[in-house]
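Asks:
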DNA sequence: GAAATCATACTTTTT
DNA sequence: GTATGATTTC
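In this note's numbering, the protein residues as written are 1 to 674.
#1: With a CB to CB cut of under 7 Å and the five nearest residues on each side skipped, what residues in its chain are close to residue 660?
#2: Where residue 342 and residue 627 are concerned, what is the direct C-alpha to C-alpha distance, given to the nearest angstrom?
#3: Evaluate residue 236 with the Cβ neighbour count: other Cβ atoms within 10 Å of its Cβ, from every protein chain shown; 16 or more gives buried, anything less gives exposed.
#4: What does residue 56 pair with, by DSSP beta-bridge criteria?
#5: Restricting to Cα atoms, I'd like to know which of 80, 89, 85 and 121 is closest to residue 411.
#6: Would you check if the distance between the CB atom of residue 321 and the CB atom of residue 642 is smaller than 9 Å?
#7: Would the beta-carbon of residue 563 fall within 9 Å of that of residue 597?
#8: Please report the Cβ distance between residue 86 and residue 56, rounded to the nearest whole angstrom; I am assuming they are in contact, meaning their Cβ atoms lie under 8 Å.
#9: Excluding the 5 residues flanking residue 290 on each side, which residues of the same chain have their C-beta closer than 6 Å to its C-beta?
#10: Is residue 395 helix, strand or coil by DSSP?
#11: Hey, residue 251 and residue 39: beta-carbon distance below 9 Å or not?
#12: Identify whether residue 286 lies in helix, strand or coil by the three-state DSSP scheme.
#13: Quick one: give me the first and last residue of the alpha helix (DSSP H) that residue 90 is part of.
#14: Is residue 329 helix, strand or coil when you go by DSSP?
#15: Let's test the definition: count the other Cβ atoms within 10 Å of the Cβ of residue 678 and tell me whether it reaches 16, buried, or not, exposed.
#16: Less than 9 Å between the beta carbons of residue 365 and residue 629, yes or no?
#17: Just to confirm before moving on: does the CB-CB distance between residue 17 and residue 25 stay below 9 Å?
#18: Using DSSP's beta-bridge definition, name the partner residues of residue 606.
#19: If we count the other Cβ atoms within 10 Å of its Cβ and call it buried at 16 or more, is residue 670 buried or exposed?
#20: Which residue marks the beginning of the alpha helix (DSSP H) containing residue 635, and which one marks its end?
#21: Could you tell me the distance, in whole angstroms, from the CA atom of residue 185 to the CA atom of residue 199?
#22: In chain order, what residues of the same chain lie with their CB nearer than 6 Å to the CB of residue 622, ignoring the 5 residues before and after it?
#23: Between 97, 125 and 113, which lies nearest to residue 429 when the distance is taken from Cα to Cα?
#24: With contact counted as at least three CB pairs below 8 Å, one residue from each stretch, are the stretch 266-273 and the stretch 44-64 in contact?
#25: Counting only the same chain and skipping the five closest in sequence on each side, list residues whose C-beta sits under 6 Å from that of residue 116.
#26: Could you give the distance in angstroms between the alpha-carbon of residue 227 and the alpha-carbon of residue 458?
#27: Would you identify the three-state DSSP class for residue 182, choosing helix, strand or coil?
#28: If we ignore side chains and look at the alpha-carbon of each, how far apart do residue 554 and residue 362 end up?
#29: I think residue 393 touches residue 493, with their Cβ atoms under 8 Å apart; what is that distance to the nearest whole Å?
#30: For residue 295 and residue 314, I'd like the C-alpha separation in whole angstroms.
#31: Assign residue 558 to one of two classes, buried (16 or more other C-beta atoms within 10 Å of its C-beta) or exposed (fewer than that).
#32: Do you know how far the Cα of residue 308 is from the Cα of residue 508?
#33: Take the Cβ of residue 500 as the centre, count every other Cβ of all protein chains shown within 10 Å, and call the residue buried at 16 or more, exposed below.
#34: Let me know if residue 19 comes out buried or exposed under the rule of 16 or more other beta-carbons within 10 Å of its beta-carbon.
#35: Measuring CB atoms only, is the stretch 67-81 touching the stretch 158-169, in the sense that at least three cross pairs come out at less than 8 Å?
#36: Leaving aside the five residues before and after residue 153 along the sequence, list all residues of the same chain whose C-beta is less than 6 Å from its C-beta, in chain order.
Pasting the structure below:
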């Protein structure tokens, strides 16, 4: 996916960044200016100049990005030196540090990590426990929202009431309930040695704050390299400050024009303030080595309209190429056809599928295209969007496995017990508190009448399965452990939501992936901290050898580049998404999103705009689904593209013909004549 | 207290 | 079109 050729010879501006040796450094690297090459070279440079790789920390946005950086640095300097340096996401690194040093601040090393869905479940559970049923018929915030609110409070370090006012005004009057729920949630997590994503960062910060652990960490990392700095949040910036406090030198790389994670409380302030806050030198990379001048002219024009000014335009260094095309199609279906035709054209002209990508704002934007691709037998791998982990059957498997590792995992019990006929939320809750206090006393629970008779068998089967998988002999054989619980699991899979066969296949794939893990708990942690990013990730390697096209959300395409890029659904409501047009800031972020998408292209860029949507009229006053072309494609921008109408347009010709209309009129007339 | 039915926000991007 | 929560039913 990341195919950019390393730049053999560094430019002057890159060279300065690579060899900088006077404290903290900020590299403002515009799109395609050789950011990865520069970071790689700097890593290699550090190692060659004698820094112990063990004392280098690479903070990236995904584990994939970290391993790629390390691999490339290795090829530069040879040997396996670089493989010893630390790398990964903020969360993954926090996880490692806390397992090693957490004990000193009261974190048991065997904590489990809650993913967002778990956190939401727990919050909902506690809210119900706490305020029982609220008076009146008032409708409460849904549980996903609870995690969002709390997470924003923590990551942006902003008080609850302010977060509510600014971002969630419609649930402002639930503030008191929310506060109580959040407190109970925190207490419960602490009591059960469970950390959520935000806790990982908070406790990492605590490692810096506590004198004992800070002493341990002094000198632990000499150099910290942070990628995609524009997408970090306030809490993460504080973490860097903590690292500086232990003697680390920071190199941050980012581009304020590519900041697209505001919804996760990321703030451009981080990159804007870095220079002063960390007393850092700033180097700008402005020469774009990736795209043709024609493509750059268009992307520069898109950013020119941003309400917030950014660095000056990028300068192209590549020779002239083809102008980007703005392709309008009659509707979504024609758009898919147009995309496929261009893909095949480029394949014929010598660009393999792996060097082509189709990008879009939201995951389901590719639904129709996926059908068309399958029909034409064009292989693809999709990145981003609904994750594997969120599917009910996968969560079920994960919960059983968590119980194998930790028999008192309340959340897991709570979820699984409800899979059993005759057990709902109320019985599940009572059983959970029983099982959590008196381990393994299922028999006692049955005697106490906590289970209705018809549910006994299913529950016994579940407990047996877990016991079988938890025998000491299997501890280092995750796949075998999964096998033990499969019989029970397979009996409940798909009962609620159907689609049984596909779900069983998913479980098979997970089992295959688990076989590669050293232990079950390691497998589970990896799964939550570094979930499979693409549909192909778990399918095993054969998939990846094949020539395949990349489909990706724009968010997941960050950092990637392809020879041919097609961006689809450039219509108002889709990009900008109509869910994100509430404030000027949000619209600006949507614009940057488009900018990120367009700047992924090296040689050929196509922007697709369907003019009509059959399925979903975006607005009531637009009942026929006619679309406005994205507001970001202004006349100025369109001056830099060739406009292609996929087909002579008379959208009305596509309206379904009401075959009985004439007959109805005739019937009416004849009835009047009677 | 579980299961079935109903009503109504909400619909995205990810560690 | 969907998923979650509230309500009613068994």
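Just so you know, even glycine gets a beta-carbon here, dropped at the ideal spot from N, CA and C.
Replies: On the basis of the coordinates in this document:
#1: As a working note, residue 660 is residue 660 in the first chain. Taken in chain order, the list of residues that qualify is empty.
#2: Sequence index remark: in the first chain, residue 342 carries index 342 (1-based). Sequence index remark: in the first chain, residue 627 carries index 627 (1-based). Distance between the alpha carbons of residue 342 and residue 627 is about 23 Å.
#3: Locating residue 236 in the first chain gives position 236, where the first residue counts as 1. Flag for residue 236 reads buried.
#4: The sequence position of residue 56 within the first chain is 56, counting from 1. For residue 56, which the question treats as bridged, DSSP gives the partners 223.
#5: Counting from one through the first chain, the residue named residue 411 turns up at place 411. Here the closest residue by C-alpha is 121.
#6: To locate residue 321, count along the first chain from 1; it is residue 321. To locate residue 642, count along the first chain from 1; it is residue 642. The answer is no: Cβ separation not under 9 Å.
#7: Position 563 of the first chain holds residue 563. Position 597 of the first chain holds residue 597. Not a contact, by the Cβ cut-off of 9 Å.
#8: As a first step, residue 86 is located in the first chain; it is residue number 86 there, counting from the start. As a first step, residue 56 is located in the first chain; it is residue number 56 there, counting from the start. That belief holds up - the Cβ atoms of residue 86 and residue 56 are roughly 7 Å apart, short of 8 Å.
#9: For the purposes of this step, residue 290 is taken as the residue at position 290 of the first chain. So the list reads 32, 561 and 602, once near-sequence residues are dropped.
#10: Residue numbering aside, residue 395 sits at position 395 when the first chain is read from its first letter. If DSSP states are grouped into helix, strand and coil, residue 395 belongs with the helices.
#11: Taking the first chain and counting its residues from 1, the one referred to as residue 251 is at position 251. Taking the first chain and counting its residues from 1, the one referred to as residue 39 is at position 39. It is a contact, given that the beta carbons lie within the stated cut-off.
#12: By one-based count along the first chain, residue 286 stands at place 286. Looking at residue 286 - three-state DSSP - the assignment turns out to be coil, as it is neither helix nor strand.
#13: If you number the first chain from 1, residue 90 lands on position 90. Counting along the chain, the alpha helix (DSSP H) containing residue 90 begins and ends at 90-101.
#14: Walking along the first chain from the start, residue 329 turns up at place 329. Strand.
#15: Because the chain spans 1 through 674 in this model, residue 678 falls outside it and cannot be assessed.
#16: Along the first chain, one-based indexing puts residue 365 at 365. Along the first chain, one-based indexing puts residue 629 at 629. Not a contact, by the Cβ cut-off of 9 Å.
#17: Working through the first chain from its first residue, we reach residue 17 at position 17. Working through the first chain from its first residue, we reach residue 25 at position 25. The answer is yes: Cβ separation under 9 Å.
#18: The residue you call residue 606 lines up with position 606 of the first chain. Looking at the DSSP assignment, residue 606 forms a beta bridge with 325 and 566.
#19: On the first chain, position 670 is the one that residue 670 refers to. Per the 10 Å Cβ criterion, exposed.
#20: Counting from 1 along the first chain, the entry for residue 635 is found at position 635. Element bounds for residue 635: 635-638.
#21: The residue you call residue 185 lines up with position 185 of the first chain. The residue you call residue 199 lines up with position 199 of the first chain. Cα to Cα, the separation comes out at about 12 Å.
#22: Here residue 622 is taken as the residue at index 622 of the first chain, counted from 1. Below a pLDDT of 50, predicted positions are generally treated as unreliable, and residue 622, at 43, falls in that range; no measurement from the model is reported.
#23: By 1-based counting over the first chain, the position of residue 429 is 429. Ranking 97, 125 and 113 by Cα distance to residue 429 puts 125 first.
#24: no
#25: Here the question's residue 116 lines up with position 116 in the first chain. So the list reads 147, once near-sequence residues are dropped.
#26: Locating residue 227 in the first chain gives position 227, where the first residue counts as 1. Locating residue 458 in the first chain gives position 458, where the first residue counts as 1. So the two alpha carbons sit approximately 49 Å from each other.
#27: The residue labelled residue 182 in the question sits at position 182 within the first chain. In this structure, residue 182 counts as helix in the three-state DSSP scheme.
#28: For the purposes of this step, residue 554 is taken as residue 554 along the first chain, with counting starting at 1. For the purposes of this step, residue 362 is taken as residue 362 along the first chain, with counting starting at 1. Approximately 8 Å between the Cα atoms of the pair.
#29: Counting from 1 along the first chain, the entry for residue 393 is found at position 393. Counting from 1 along the first chain, the entry for residue 493 is found at position 493. Rounded, the Cβ-Cβ distance is 5 Å, consistent with contact.
#30: The residue labelled residue 295 in the question sits at position 295 within the first chain. The residue labelled residue 314 in the question sits at position 314 within the first chain. Cα-Cα distance, rounded: 11 Å.
#31: The count along the first chain starts at 1 and reaches residue 558 at position 558. Residue 558 comes out buried.
#32: In the first chain, counting from the first residue as 1, residue 508 sits at position 508. In the first chain, counting from the first residue as 1, residue 308 sits at position 308. Rounded to the nearest angstrom, the two C-alpha atoms are 49 Å apart.
#33: Here residue 500 corresponds to residue number 500 of the first chain, with the count starting at 1. Its Cβ having fewer than 16 others within 10 Å, residue 500 is exposed.
#34: Here the question's residue 19 lines up with position 19 in the first chain. With fewer than 16 other Cβ atoms within 10 Å, it is exposed.
#35: no
#36: Along the first chain, one-based indexing puts residue 153 at 153. The residues are 160 and 163.
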